[in-house]
Amino acid sequence: ESESRLNLAQSIAHVGSWGRHLVRGDSYWSDEFYRLMGLEPGATTPSLGRLLTYMHPDDRTGFQEATRDAEDSYDVRVRCIGDDGVERMLWMHGELTRDHDGSPLRWDGTSQDVTELTAAQEALAEGAARLELAQSQAHVGSFGRNLKTDEVYWSDELYRLLGHEPRAIEPSIDNLFAMLHPDDRDRFRNTTRDAVRTGVDQYDVESRFIRPDDEQRVLWQHGELTRDEDGTPLRWDGTVQDVTELVDAQH
9 ESESRLNLAQ SIAHVGSWGR HLVRGDSYWS DEFYRLMGLE PGATTPSLGR LLTYMHPDDR
69 TGFQEATRDA EDSYDVRVRC IGDDGVERML WMHGELTRDH DGSPLRWDGT SQDVTELTAA
129 QEALAEGAAR LELAQSQAHV GSFGRNLKTD EVYWSDELYR LLGHEPRAIE PSIDNLFAML
189 HPDDRDRFRN TTRDAVRTGV DQYDVESRFI RPDDEQRVLW QHGELTRDED GTPLRWDGTV
249 QDVTELVDAQ H
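Be aware that the sequence shown starts at 9, since it is given in the working numbering, and climbs by one per residue.
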């Protein structure tokens, strides 16, 4: 019964789960993960090699580098062309389990279809009116922060994701951190700081936020850094999506 409930939750949220044992070499794909690959459940033997055949050629190297360089977890977005010919953008989150000696034992994780989210991000260049409509439909908010003036921008949908009416409070780092779960604040700071320090200039972080009505929501934030001609950090821009149901499905 618990397995059928999990399959139902994954189907509703378009979230698949997977696992790969690094010692034995065998892999596991949930029913929904098969569907994300454009397949009927059980239609093929799950394996890393099989997954790579569905992955867009331009994204394979980035995926392999993300898994290779990760210490204990990774988040990466890749395009996959399913057996049904449909191209989907997938957000893949993996977590590493080690044995008692600290040696890598297995990867487990989830994959979500974020095609609509990606389309909303690309709509940033199409004008504010189109963007607000796309964000409202996809439940995706956007933000910006000028690092020289500390001026901060939140879209209307980001206000709603945080439990506020648009422009009900001042968009600021202080107000954001006031809503950020205390246990997630250090990880948030470290993620953004390390993105600048390492020169990656982008980040993905999942954090809990507490709304004014005390409801807790999990938001996935993607940020990209712009530098000036001298290489000095100039501004952060990005998107925020509510992934509470995804996290609930994982648990």
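Cβ atoms here follow ideal geometry from the backbone N, Cα and C, with glycine treated the same way. No experiment lies behind these values; they were computed from the predicted model shown.
Taking the CB atoms as reference points, tell me whether residue i and residue j lie closer together than 7 Å.
i, j, result
"LEU188", "SER215", "yes"
"ASP182", "ASP83", "no"
"LEU254", "GLN129", "no"
"VAL122", "GLY46", "no"
"PRO241", "LEU184", "no"
"LEU44", "GLY57", "no"
"ASP116", "GLY27", "yes"
With a threshold of 8 Å on Cβ separation, who are the neighbours of residue i within its own chain once the five nearest residues in sequence on each side are excluded?
i, result
"ASP107", "LEU113"
"GLU79", "LEU104"
Which of the three DSSP states, helix, strand or coil, is assigned to residue i?
i, result
"VAL94", "coil"
"GLY102", "strand"
"LEU113", "strand"
"PRO263", "There is simply no residue 263 to check, as the chain begins at 9 and stops at 259 in what is shown."
"LEU158", "First, the residue type needs correcting, since residue 158 is Asp and not Leu in the sequence shown. Three-state DSSP puts ASP158 in coil, outside helix and strand."
"THR53", "coil"
"SER242", "The sequence shown places Leu at residue 242, not Ser. Strand at LEU242."
"THR123", "helix"
"GLY46", "coil"
"ARG175", "coil"
My guess is that residue i and residue j are in contact by the Cβ rule of under 8 Å, so how many angstroms apart are they, rounded?
i, j, result
"GLN258", "HIS147", "In fact, because the Cβ distance is near 19 Å, the residues do not count as touching under 8 Å."
"ILE218", "GLN224", "5 Å"
"GLU165", "GLY152", "Actually they are not in contact, since the Cβ atoms of GLU165 and GLY152 sit about 14 Å apart, beyond 8 Å."
Quickly, what does DSSP pair residue i with across the bridge? List them, please.
i, result
"VAL248", "GLY149 and GLN229"
"LEU188", "PHE217"
"HIS29", "ARG114"
Note down, in chain order, each residue of its chain lying with its Cβ closer than 7 Å to the Cβ of residue i, except the 5 sequence neighbours on either side.
i, result
"ASP67", "VAL86 and ARG87"
"GLU237", "none"
Using C-beta distances below 6 Å, list every residue in its chain close to residue i, excluding the 5 sequence neighbours before and after it, in chain order.
i, result
"VAL160", "ARG153, PRO179 and SER180"
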